[in-house]
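According to the numbering used here, the sequence shown holds residues 4 to 230 in order. Don't be surprised by glycine CBs; every beta carbon is placed ideally from N, CA and C. These notes are about the structure you will find just below.
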Amino acid sequence: MTLHYSRNPNPRLAVAVARHLSVPIEFVFAAPFAPGQAERYLSLNPSLSIPILEEEGRRSLWEADAIACRLSRLSGTGFWRTDEDEPDMIRWLSWGKANFVRACDMVHFEYGTKQRYGIGPVDAARVEEGLKTFRQSAGILEIELKARPFLLDSGLSYADFRMASFLPFNDVAGLPLIDYPAVYAWYRRLEVLPAWSDPFAGLDAPSLPFAPLAAERGALLPPEPRE
Ligand SMILES: N[C@@H](CCC(=O)N[C@@H](CS)C(=O)NCC(=O)O)C(=O)O
């Protein structure tokens, strides 16, 4: 079984899940959008995006959420809930995609992806829209995460990983996470998991191209984690 990955947010998420669940898997670094690479990846994913999971005897699987579901099944854990909590978990995946994760993605795309890959200048209106959605959705998460350490009453699940999928890139995105103490504390709980904080440990994963850190742009950043 092979997981094609890079250090970008969605592949990072898939690698973190595989490592957190200790699924035996071969990690293969991929750059499907690099010149000359498309042919190799088109048969695995017509959109060329990664992560992609290749498994003998099955069609290749793309989309980080689908891969997380598969890896959770293989691991025999309920990281992807299959019990009474499954609807609650799906609720957070669905809501996150349309709200908090989308907001993080929008801002990160402008400051991170576009700058790393020379796609164009920062679109201030898109940043503004992303920040507005971030504040609205972080406010909702703040109320939820004040009441419990993770999104589900039953504890850590894939919903937490997905909700946090763009936050490891906040050095570049500079989202005001610190304004939401319960959300910030929740993210710190994820950061103590080795699979989350350093999913690429021991892997031959080239660094992402340069993008200016938020601090260099003068954006507000959370303080250094305290002991
Ligand atoms: N909806 C897809 C999005 C996949 C996606 O956007 N992948 C980006 C990285 S975040 C990609 O393939 N980038 C090319 C690269 O990393 O080389 C998912 O959740 O897996």
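Residue pairing for Thr5: DSSP places it in a beta bridge opposite Glu29, Glu57. In its chain, beyond the 5 residues on either side, Leu180 have a beta carbon closer than 7 Å to the beta carbon of Asn173. With respect to Phe32, Pro209 sits close: the two C-beta atoms are nearer than 8 Å. Shown here for His7: same chain residues with a beta carbon closer than 6 Å to its own, the five before and five after excluded, namely Val31, Ala33, Ile53, Ile55 in chain order.
Note on geometry: alpha-carbon atoms of Leu144 and Val186 lie some 7 Å from one another.
Using a cutoff of 7 Å, the CB of Pro35 counts as near ligand 1, since one of the ligand's heavy atoms is closer than that. Distances from the CA of Ala19 to each of Leu51, Leu45, Val110, Ile70 were compared; the closest alpha carbon is that of Ile70. Less than 8 Å separates the beta-carbon of Val104 from that of Arg165. When DSSP states are grouped into helix, strand and coil, Trp83 belongs to the coil group. Residue nearest to Ala198 within the set Arg129, Leu24, Asn11 is Leu24 (criterion: CA-CA distance). Annotation: the region 113 to 197 contains no complete segment of the beta strand (DSSP E) (minimum length 3 residues).
In this structure, DSSP gives Leu16 a helical state, which the three-state scheme calls helix. In this structure, the straight-line span from the alpha carbon of Asp86 to that of Ala17 is close to 22 Å. Non-local beta-carbon contacts of Pro35 in its own chain, meaning distances under 7 Å to residues more than five positions away in sequence, involve Ala41, Tyr44, Leu51, Ile53 in chain order.
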